[in-house]
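Chemist: The structure's right below; bear with me while I get my questions together.
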Amino acid sequence: MNETARQAAKLCVLGAAAFTTGLANAEHSELLDVLLKNGAINKKQYEELAKGAQEKEEKKDEENVGISLKKGQLVFKSEDDEFKFQVGGRVMLDAAWYDNDDVSRGDADFGNGTEVRRARVFVKGTMWNDWHFKGQYDFAGNETEIKDAYIEYTGLKKAIGFPLAIKMGNFKEPFSLEEVTSSKYITFMERGMPNVFAPSRNLGVQLSTHGEMLSGGWSFAGGAFGTGIDDDAESGIDESYAGAGRLTLAPIANKTQVVHLGGGVEYRILKGDAGDEIRLRERPESHIADHRLVDARFSNTTGNPLEGDLLKYGGEAAMVWGPFSVQGEYIIAEYDIDDGPSPEFEGWYAYTSIFLTGESRSYKAKNGTFSRVKPKGIVGKGGWGAWEIAGRYSYLDLNDDNVEGGRESNWTVGLNWYATPSIRFMANVIFADADLPNGTSDNPNILQVRGQVDF
Amino acid sequence: MNETARQAAKLCVLGAAAFTTGLANAEHSELLDVLLKNGAINKKQYEELAKGAQEKEEKKDEENVGISLKKGQLVFKSEDDEFKFQVGGRVMLDAAWYDNDDVSRGDADFGNGTEVRRARVFVKGTMWNDWHFKGQYDFAGNETEIKDAYIEYTGLKKAIGFPLAIKMGNFKEPFSLEEVTSSKYITFMERGMPNVFAPSRNLGVQLSTHGEMLSGGWSFAGGAFGTGIDDDAESGIDESYAGAGRLTLAPIANKTQVVHLGGGVEYRILKGDAGDEIRLRERPESHIADHRLVDARFSNTTGNPLEGDLLKYGGEAAMVWGPFSVQGEYIIAEYDIDDGPSPEFEGWYAYTSIFLTGESRSYKAKNGTFSRVKPKGIVGKGGWGAWEIAGRYSYLDLNDDNVEGGRESNWTVGLNWYATPSIRFMANVIFADADLPNGTSDNPNILQVRGQVDF
Amino acid sequence: MNETARQAAKLCVLGAAAFTTGLANAEHSELLDVLLKNGAINKKQYEELAKGAQEKEEKKDEENVGISLKKGQLVFKSEDDEFKFQVGGRVMLDAAWYDNDDVSRGDADFGNGTEVRRARVFVKGTMWNDWHFKGQYDFAGNETEIKDAYIEYTGLKKAIGFPLAIKMGNFKEPFSLEEVTSSKYITFMERGMPNVFAPSRNLGVQLSTHGEMLSGGWSFAGGAFGTGIDDDAESGIDESYAGAGRLTLAPIANKTQVVHLGGGVEYRILKGDAGDEIRLRERPESHIADHRLVDARFSNTTGNPLEGDLLKYGGEAAMVWGPFSVQGEYIIAEYDIDDGPSPEFEGWYAYTSIFLTGESRSYKAKNGTFSRVKPKGIVGKGGWGAWEIAGRYSYLDLNDDNVEGGRESNWTVGLNWYATPSIRFMANVIFADADLPNGTSDNPNILQVRGQVDF
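Protein chains in written order, with this note's numbering: chain A, 123 to 577; chain B, 123 to 577; chain C, 123 to 577.
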């Protein structure tokens, strides 16, 4: 083989390899340059070939879209990451059994049964790099519920030098670690009872930012919010407005070690119609239950349109140390109804979990939430998945200032099996103990199981 | 052209052809080996190029995702088939006209009209080869209904040596050939009246397997089921549980010839509240009809919470012989209500169809159901689609043991035009003949048409 | 470098370039031909390589699917354009404030608030070139509503020589320029009040065609329609049928200049039950408003089943001249109720808009509607988006022949900011002036804002 033929063949291989690795454009240009220099192509051919490459380059936003199915999540990205699109969702399938031996009030039992706890589909994406959107819908119970529906802009970073996102639409108010952590990633099947105070999703506008801190990071989000999608004229607080904010500090945050401290506050002006009342009630950390135990209702005493205000504040702490973790929150809600009661309610929970298979809970310092657990071995690929056991105590007090909503404390033991990063099976045993408004008590024991997949 | 240059060029073409055929990795390695051997590239270049290929290989699960639009179905697959994702759905558009000359009872007429019979969207996928999921939602009638919502695991095959799938969630109980055949593929616009006995979708857990048999195959599925998503506290049987199973035998099953025999059984413990009743009723094989003709309601006589049990069993037979096919089912339902009636109801249907254009009904022995018909010529591509005519007799008897639900027998003539594999137009004429509980009879004649697309 | 080696290398590069530009098949064949001729490959190799290419060609419908994310729209296409698939949607987020100083009737106020105005997801596609389908669902207000659900066939063009589309399903009747223009592209947040007369989506069958005309184009669509998906037995007109048609003429239609003239007509046979009534009512161009101002209800005087007919007709005109545009419509609705009133209602609107940043409203002559505005600069890419100001007067008269529904005229000032082609922010101020049926009047001033994204 003579030298020139060898060179031609070498270029040929380099070119082919370039296409193979998907770096076609850059490598293609280099190849053309070398071939022109070596005289393998002439100037005119060079220009035509280069022009074709250039035109292609300009169309790449629309044409060179890559797809990924990493962990089963279907994501589309343009080559320059300027555009993204994702279609996904989650399905959670529950069954629950209730032991109602101690029912001392006249209610019907909780109702053993099965349900689709969540059946969600979402579409989300990025357009022109800095514009993001999400639409997420839940069809559980054969009903439709808009979950996330928002537009977000992150382009201010270029002008101001630090990350600042503006978000508008329907999304979770920044309040409570367990609330803002996705239901896909929470440790027990249901969030702890103090979650009754979390405002969850409302329509509003929010600013958020984050930064580095020691070997971890901090985050802040604050916004102004109206009411949720269902809070129409009949809801009694259809014209209430709130401001809410949450600050999280994680001086340590890496793959196996996390120290998280945080706090949130919401202040809301209440405004409703005559006869409206405020109602706070919570199931015993089991969603299939037909009825709630604790249940507080109150209004003004004059029959005027409901007015007043509401201040909620809470503290959060969590720590991850290898397979071991602890987490807790304390939340207080102070209502002040004009010409009515001013009750102050409170709740807290604390839990611990350990991965028998050595994984760690995954933390995202950028927004101060917990995230997806990745098992070390995948079931079906020779592994046994990740196994986690956990225990929780939670407490909720809805009695105060002439309002009798009851008090409840629950012990929960949980077992989680993460068969794959996106498929999880859960079992919870709950020992509930409620002192009810009518002077009776109810102490149901509950067994519930879940199969969950997200995609 | 000297020999070495020729060799270089040949390798080059082989390499390019390899990329073209999508077999880049394997061929690429071979090419590199040959080039190294011929001295066209040196050892160092070889290693670098090989390393690039290796790294690419490792990322292929997430990066090398292929898309297919075969027959309009949008499917994504990772190169090694470990991950799959599909987004699809179906739309069925109906119109119906009712001839109510013989109305001898006081009911309003059936109500000529149009409707969207089904408007479904689904996402389904495979993760890590053996984990499958599906979420399917129907929005017909501007209401939301979860259809399939399940997780399935097929990885036991590796351990036990034969296919065994475990499925949990909301899906069809294994019972009745026509019920478990998708509405996209049934021969008439509506399933025959005995379908009133089919349990359809409920929340449960199922094991299924299948195997070969002579020149065909057999299948078995069995599971334990609760109630459906809508069967909440108000439904009267919210805490009922069932076991169900179905066995199918197809000693012959190929593209043009099928012999199918099967049987199913469901045993259900009924448990409801005081005052609940069981209700079985069925439209005259026309869904736009405002009301049903046969309608049986019964309960216990004591006013105690409804309890009892229920046994359903049915036999199935079908045969395909080229363009000609026959199919039939017989189903019996035996209720036993504590302190109440013990009626036994029954129904059956038989039908035949022939493809004027020579196609055959398509059968899947792995689960004993009928599947998509592929016309020999596609409308718009020079063909005329597939044309099928069919006739059915169906009978339903809801009278027994003090329960008077009525008896009905229907003759149906159907014409199906499969314009493409996924677009079908249907017309049915139904001659219904019902003896109603109140001693009267009703004999409406019905014309209904459908346009259907699935994607 | 000798000539043959150079030639081999050149072919090699050409081949590689061909793969790069996605024209692999055609170029590949040419390359093989040349190589065979030059003796670089022998006849047997040629045949094998050609056979591989041929097989690949046959699989291209399913395998060579391209994806595009142009403007954030996710579109899949097979290489020959025979199959297409798109998943998309829109989210519109609104807030409104009402000034109710002049409320002289006893109604509650309009209710300041926020809402998700539209939250839609659609799937649409093309199969075998000439078959098209679309399914579009809206989940706003946590309710499900099927919007488009249709099948369309465009293959008749080949036989008859001009474009003729047949569409069946649920879609917009061809009537009124502003109605058939997508809500994504209308100039104000809500369509003008005369939109109360537009039939919008119903189940039906339609023929449509279009052609060229001077330097623009014309379009015609006509069809037969039943009622909508929600119009069941209770709606009073559940068995009404209509014919509708719309003709548009655009003698000038290019990117910056449009002259549009059009007209539409709908004739509907009304048929309902005894006691049913016709109701026409409209919000003051603000959807968050809890109640409507103008509201006409009428029926027959005998109590017999409602029967009668209805004729609607309207004229449209619009002009675009660079950044400047005007648009107007006049619609008349003539009801004739058997044994009841025969009122004739009317409404009209006219508006003008100007793009401060120089863009033009975009027009599609093929169906006579307005379309997406593409800003010259994109926010986040160094641009400021497109800015548009607009003013509208609209009038609606629902008083006639013993029917007193009221009269209303509104002035609206609008400001639109198109941050990107698919993200738009809108603000409208509305000065409404209504003379109500009860002899009072109401003149609310309204401020409303919207954030919208479509994908």
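Just so it is clear, CB atoms sit at the ideal spot from N, CA and C, and this is done for glycine as well. This one's a predicted model, so the numbers in the text were calculated from it and none came from an experiment.
Would you call the CB atoms of Gly513/C and Pro559/C closer than 8 Å?
Modeler: Not a contact, by the Cβ cut-off of 8 Å.
Chemist: Check for me: the alpha helix (DSSP H) holding Ala320/C runs from which residue to which?
Modeler: That residue, Ala320/C, is in no alpha helix (DSSP H); it is neither H nor E in DSSP.
Chemist: Are the CB atoms of Glu481/B and Pro497/B nearer to each other than 8 Å?
Modeler: Going by C-beta atoms, Glu481/B is nearer than 8 Å to Pro497/B.
Chemist: Between Gln574/B, Glu361/B, Glu301/B, which has its C-alpha nearest Leu428/B's C-alpha?
Modeler: Checked all of Gln574/B, Glu361/B, Glu301/B; the closest Cα to Leu428/B is Glu361/B.
Chemist: From what residue to what residue does the beta strand (DSSP E) around Ile511/C run?
Modeler: Unbroken beta strand (DSSP E) run through Ile511/C: 508-522.
Chemist: How is Ile500/C classed by DSSP in three states: helix, strand or coil?
Modeler: Note: Ile500/C maps to coil in three-state DSSP.
Chemist: When you compare only the Cα positions, how much space is there between Val245/A and Ala271/A?
Modeler: Answer to the nearest angstrom: the Cα atoms are 10 Å apart.
Chemist: Three-state secondary structure (DSSP) at Asn264/A?
Modeler: In this structure, Asn264/A counts as helix in the three-state DSSP scheme.
Chemist: Please specify which runs of the beta strand (DSSP E), each continuous and at least 3 residues long, are wholly inside the segment 337-393 of chain B, giving them in chain order.
Modeler: The qualifying runs are 338-347, 363-375.
Chemist: Would you mind working out which of Phe232/C, Leu478/C, Tyr471/C sits nearest Arg405/C, comparing C-alpha positions?
Modeler: Looking at the Cα atoms, Phe232/C is the closest of the given residues.
Chemist: Could you list the residues in the segment 252-269 of chain A with a C-beta less than 7 Å from some C-beta on chain B, going in chain order?
Modeler: So the close ones are Phe261, Gly263, Asn264, Glu265, Thr266.
Chemist: How should Asn164/B be labelled, buried or exposed, when 16 other C-beta atoms within 10 angstroms of its C-beta is the threshold for buried?
Modeler: Counting Cβ neighbours within 10 Å, Asn164/B comes out exposed, since fewer than 16 surround it.
Chemist: Lys503/A: buried (16+ other C-beta within 10 angstroms of its C-beta) or exposed?
Modeler: Label assigned to Lys503/A: exposed.
Chemist: Output needed for Asp523/B: all residues of its chain with C-beta closer than 8 Å, excluding positions within five of it in sequence on either side, in chain order.
Modeler: Result list for Asp523/B: Pro463, Ser464, Pro465, Glu466, in chain order.
Chemist: Compute the Euclidean distance between the alpha carbons of Thr236/A and Ala508/B, then round it to the nearest angstrom.
Modeler: So the alpha carbons of these two residues sit roughly 43 Å apart.
Chemist: Taking only beta-carbon atoms, is Leu191/B less than 8 Å away from chain C?
Modeler: Output row for Leu191/B: interface = yes.
Chemist: For a contact meaning CB atoms closer than 8 Å, what does Gly277/C contact in chain B?
Modeler: Here the neighbours are Val501, Gly502.
Chemist: If you follow the alpha helix (DSSP H) that Lys279/C is part of, which residue opens it and which one closes it?
Modeler: 278-282 is the extent of the alpha helix (DSSP H) around Lys279/C.
Chemist: What residues in the segment 523-536 of chain C have a beta carbon less than 8 Å from any beta carbon of chain A?
Modeler: Under the 8 Å Cβ criterion, the segment 523-536 of chain C contributes no residue.
Chemist: Taking Cβ positions, are Val575/C and Gly277/A nearer each other than 8 Å?
Modeler: The answer is no: Cβ separation not under 8 Å.
Chemist: Compare the C-beta of Phe207/C with all C-beta atoms of chain B and state if any pair is closer than 8 Å.
Modeler: For Phe207/C, the answer is yes, since a Cβ of chain B falls inside 8 Å of its Cβ.
Chemist: Determine, using beta carbons only, whether Gly384/B and Leu369/B come nearer to each other than 8 Å.
Modeler: Going by C-beta atoms, Gly384/B is nearer than 8 Å to Leu369/B.
Chemist: Where do the ends of the alpha helix (DSSP H) carrying Leu299/B lie?
Modeler: Taken as a continuous stretch (DSSP letters only), the alpha helix (DSSP H) holding Leu299/B covers 299-302.
Chemist: Under a Cβ-count criterion, where at least 16 other Cβ atoms within 10 Å of its own Cβ denotes burial, should Asn292/C be classed as buried or exposed?
Modeler: It counts as buried.
Chemist: Drop a sphere of 10 angstroms on the beta-carbon of Gly367/C, count the other beta-carbons inside from all chains shown, and report buried for 16 or more, exposed for fewer.
Modeler: Answer is buried; the Cβ neighbour count reaches 16.
Chemist: State the CB to CB distance for the pair Asp252/C and Ile410/C, rounded to an integer number of angstroms; the pair is presumed to be in contact (CB under 8 Å).
Modeler: Contact flag wrong, Cβ pair sits at about 43 Å.
Chemist: Once the 5 residues before and after Phe261/A are set aside, which same chain residues still bring their CB inside 7 Å of it?
Modeler: Within the same chain, Phe261/A has close Cβ partners Ala241.
Chemist: I'd like to confirm the pairing. Which residues does DSSP put opposite Arg403/C in its beta bridges?
Modeler: Note: Arg403/C sits in a beta bridge opposite Asp417/C.
Chemist: What are the boundary residues of the beta strand (DSSP E) that Val468/B is part of?
Modeler: In the sequence on display, residue 468/B carries Glu and not Val. It spans 466-477 - the beta strand (DSSP E) in which Glu468/B sits, taken as one unbroken run.
Chemist: Which residues of the segment 286-303 of chain C have a Cβ closer than 7 Å to any Cβ of chain B? Give them in chain order.
Modeler: Hits within the stretch, in order: Met290, Gly291, Asn292.
Chemist: What in chain A is Cβ-close to Thr479/C, meaning under 8 Å?
Modeler: Going along chain A, no residue has its Cβ under 8 Å from Thr479/C, so there is no contact; the nearest lies around 17 Å.
Chemist: Report all residues from its chain with a CB closer than 6 Å to the CB of Ser475/B; omit the five preceding and five following residues, and keep chain order.
Modeler: Hits under 6 Å: Thr309, Ser447, Glu510, Ala512.
Chemist: I'd like to know whether the C-beta atoms of Gly386/A and Tyr457/A end up nearer to each other than 8 Å.
Modeler: Going by C-beta atoms, Gly386/A is not nearer than 8 Å to Tyr457/A.
Chemist: When you measure from the CB of Ala554/A to every non-hydrogen atom of the ligand ADP, does any distance come out below 7 Å?
Modeler: Here there are no bound small molecules, and the ligand ADP is not part of this structure.
Chemist: Suppose you measure from the CA of Ser484/B to the CA of Ala343/C; what does that come to, to the nearest Å?
Modeler: Those two C-alpha atoms are separated by around 39 Å.
Chemist: What residues in the segment 542-562 of chain C have a beta carbon less than 7 Å from any beta carbon of chain A?
Modeler: Those would be Thr542, Ser544, Ile545, in chain order.
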